[in-house]
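Novice:
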Amino acid sequence: ANLEPLGITDVFLKRACTEYEHAKGDSQRWEVSEGQKAFEEKLESIFILDIPESADPAWKNEHTLCNWCEFAHSRGDMSYLQYTDNQPLYPAYRKYERE
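For the sequence shown, the tail end lands on 114 under the numbering used here, and the numbers increase by one without skipping.
#1: As an exercise, report each continuous alpha helix (DSSP H) stretch of at least 4 residues that is fully enclosed by the segment 33-89, in chain order.
#2: Find the nearest neighbour of residue 42 within the set 86, 64, 49, 32, judged by alpha-carbon distance.
#3: Could you tell me if residue 35 is buried or exposed, where buried requires 16 or more neighbouring beta carbons within 10 angstroms of its beta carbon?
#4: Using the rule of at least 16 other Cβ atoms within 10 Å of the residue's Cβ for burial, across every protein chain shown, is residue 98 buried or exposed?
#5: Helix, strand or coil: how does DSSP classify residue 98 here?
#6: What do you get for residue 164, buried or exposed, if any count of 16 or more other CB atoms within 10 angstroms of its CB means buried?
#7: Comparing C-alpha positions only, which one of 113, 85, 109, 111 sits nearest to residue 102?
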C-alpha cells in the first residue's frame with residue numbers, strides 16, 4: 016500500500032479535551048495555581064514517563080489501512096484511491112439497460 020499520502024494529514028496540539036475548554040474557556044487564558052503545580056509535580060513522580068516505544072507490526076498497519084479504505088468506499092468516498100494506486104477495491108458492476 017502507498018502510505019505516502021498520510022503525510023498530508025493535519026495534526027494539531029490541544030492543551031485539554033474539548034469539554035474542558037468549553038467549561039474553562041480558552042486555554043491561552045488559563046492560570047496555573049501553585050496548588051495545581053504541586054499536584055502535577057506529585058503526579059509526575061508517580062507516573063512512569065519513560066515508556067519504551069513499541070511499533071505495531073506492518074500487517075496490523077496494513078489491516079487498518081484496508082479497513083479505512085473499505086469504510087471510505089462503502090460511503091462513496093473515492094479518496095481511498097490514493098492508497099490503492101488508483102485501483103478500485105472492486106470491479107465495476109455490470110449495468111443492464113432497457114433496450
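All C-beta atoms in this analysis are idealised placements derived from N, C-alpha and C, irrespective of residue type, glycine included.
Specialist: By the coordinates alone:
#1: Qualifying alpha helix (DSSP H) stretches, in chain order: 33-39, 49-61, 73-89.
#2: On the sequence shown, residue 42 is found 27 positions in, with the first residue counted as 1. The shortest C-alpha separation from residue 42 is found at 32.
#3: For the purposes of this step, residue 35 is taken as residue 20 along the sequence shown, with counting starting at 1. The Cβ neighbour count for residue 35, taken over all protein chains shown within 10 Å, is under 16; the residue is labelled exposed.
#4: Residue mapping note: residue 98 aligns to position 83 of the sequence shown, counting from 1. Per the 10 Å Cβ criterion, buried.
#5: Numbered from 1 along the sequence shown, position 83 holds the residue referred to as residue 98. It is helical.
#6: Since the first and last residues shown for the chain are 16 and 114, residue 164 lies out of range.
#7: Locating residue 102 in the sequence shown gives position 87, where the first residue counts as 1. Out of 113, 85, 109, 111, the CA that lies nearest to the CA of residue 102 is found in 85.
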